[in-house]
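Going line by line, the protein sequences match chains Z and L. For any residue, its number in this note's numbering is found by taking its place in the first sequence, counting from 1, and adding 72. For any residue, its number in this note's numbering is found by taking its place in the second sequence, counting from 1, and adding 72.
Number of protein chains: 2
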Amino acid sequence: MNAPIVSPALTKNQALVFDALNRAEGPMSAYTILDKLRDHGFRAPLQVYRALDKLTEFGMVHRLESLNAFVACAHREHECCGGAQGHGHGTVAFAICESCNQVMEFHDHKVDHQLGDWAKSKGFKPSKTTIEIRGLCEKCAA
Amino acid sequence: MNAPIVSPALTKNQALVFDALNRAEGPMSAYTILDKLRDHGFRAPLQVYRALDKLTEFGMVHRLESLNAFVACAHREHECCGGAQGHGHGTVAFAICESCNQVMEFHDHKVDHQLGDWAKSKGFKPSKTTIEIRGLCEKCAA
DNA sequence: TTAGAGATGTAATGTTATTACATCAATTGC
DNA sequence: GCAATTGATGTAATAACATTACATCTCTAA
Ligand SMILES: [Zn+2]
Ligand SMILES: [Zn+2]
Ligand SMILES: [Zn+2]
Ligand SMILES: [Zn+2]
């Protein structure tokens, strides 16, 4: 099954974590989230990790592998390139500014299809694809 | 400066780590490498991390972000898509089998250029790009 | 010969993630 | 109503990954 099109009802902990990520300006580590939620009763890492697992499964949150951190989903496109991954669309990519920590989430058909073609040609069956560009955003590169 | 075309002379520790990675069938974590090299005098994680840093800088080793692990470079292509990254070629991508842990390293012009175009259009200056496809290799998917 | 740069050794610490086990709450079937 | 199941939660302990700090050591260039 793919992730549901409509966001599922969140549990209390999931809602707290999702809210924290939405308020944040950039990605946060699980332990940073934990610290932000201590006032709301969070005491242990597992409370955060469990919520993040579900939110990721729902496609509402993405994990940035090169940062060991998490961001709320920011994609604004229609469903496309439907596949086994993500929010019912194809692979998501991220551009991460190493100066201001801003993250841009985007989806690129051509990249997605090209990687899909490569996989097909090799008989490789993708389950999850990570694309992360580290560098400097326009503002910070100036 | 880009990485040198010719591999530089390696220090003793760098050579030991590189050799361990080349002998390995798949990616290894820094601590796994440490354990393999205890007989050769390695005692602390930092000895491994320092060597890995240099080898990565030389383009002889790649870090797999989604695994927190390292592989010896396996690319066999000519220099192309020259850029600020890697061994004098463009971005490298990896397909990682979650069943047998085999890793395929490849370079795809179209993907590279497409991501480069996206960056250009946004004024983003890439320093390092990570592309990792997790899934099942042909053999394991059968 | 001495000052600087780079490599090394070691210990301690910091950061990220998981395992194990107990408990609680909502749902289902009887 | 009342077990049985399922999923969410709480807590502690531990595992896995990575860095900081500091002391040597070696080579080389002035
Ligand atoms: Zn998204
Ligand atoms: Zn920036
Ligand atoms: Zn390579
Ligand atoms: Zn396989």
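We treat Cβ as the ideally placed atom computed from N, Cα and C, and that holds for glycine. Only a predicted model underlies this, so the values are computations on that prediction, with no experimental measurement involved.
- Among the residues facing chain L, Z/Gly195 is included, as its CB has a counterpart in that chain under 7 angstroms away.
- By alpha-carbon distance to L/Phe166, the top candidate from L/Asn173, L/Phe178, L/Phe114 is L/Phe178.
- Under the Cβ criterion of 7 angstroms, L/Lys182 is counted among the residues facing chain Z.
- The count of Cβ pairs closer than 8 angstroms, one atom from the segment 123–131 of chain Z and one from the segment 189–200 of chain Z, stays below three, leaving the stretches out of contact.
- When the beta-carbon positions are compared, Z/Gln86 and Z/Lys126 come within less than 7 angstroms of each other.
- The CB of Z/Met176 comes closer than 9 angstroms to the CB of Lys194, Phe196 in chain L, given here in chain order.
- Per DSSP, the unbroken alpha helix (DSSP H) holding L/Val120 starts and ends at 117–130.
- The set of residues with any CB-heavy atom separation to ligand 4 below 7 angstroms comprises, in chain order, L/Cys169, L/Ser171, L/Cys172, L/Gln174, L/Leu208, L/Cys209, L/Lys211, L/Cys212.
- For Z/Val143, the enclosing beta strand (DSSP E) has its first and last residue at 141–144.
- Apart from the 5 residues on each side of it in sequence, L/Met176 sits with its Cβ closer than 6 angstroms to the Cβ of Ala167 in its chain, given in chain order.
- Here L/Lys84 is exposed. Its C-beta has fewer than 16 other C-beta atoms within 10 Å.
- Taking a Cβ-Cβ threshold of 9 angstroms, the residues of chain Z close to L/Arg206 are Pro198, Ser199, Lys200, Thr201, Thr202, in chain order.
- Within the same chain, Cβ atoms closer than 6 angstroms to the Cβ of Z/Ile203 are found at Ala165, the five residues on either side in sequence being excluded.
- When DSSP states are grouped into helix, strand and coil, L/Ala214 belongs to the coil group.
- Residue state for L/Phe90 is assigned as helix, using DSSP reduced to three classes.
- A distance below 7 angstroms between beta-carbons, with the five flanking residues on each side excluded, links Z/Leu124 to the following residues of its chain, in chain order: Val89, Ala102, Val133, Phe142.
- With respect to Z/Leu106, Z/Val120 sits close: the two C-beta atoms are nearer than 7 angstroms.
- At a beta-carbon threshold of 8 angstroms, the residues of chain L lying near Z/Ala191 are Ala167, Ile205, Gly207, ordered along the chain.
- Distance from the CA of Z/Asp180 to the CA of Z/Pro117, rounded to the nearest whole angstrom, comes to 34 angstroms.
- Residue nearest to Z/Arg206 within the set Z/Ser138, Z/Leu82, Z/Arg115, Z/Cys212 is Z/Ser138 (criterion: CA-CA distance).
- Among the CB atoms of chain Z, one or more fall inside 7 angstroms of the CB of L/Ser138.
- Sorting L/Thr163, L/Glu210, L/Asn94 by C-alpha distance to the C-alpha of L/Leu187 places L/Thr163 at the top.
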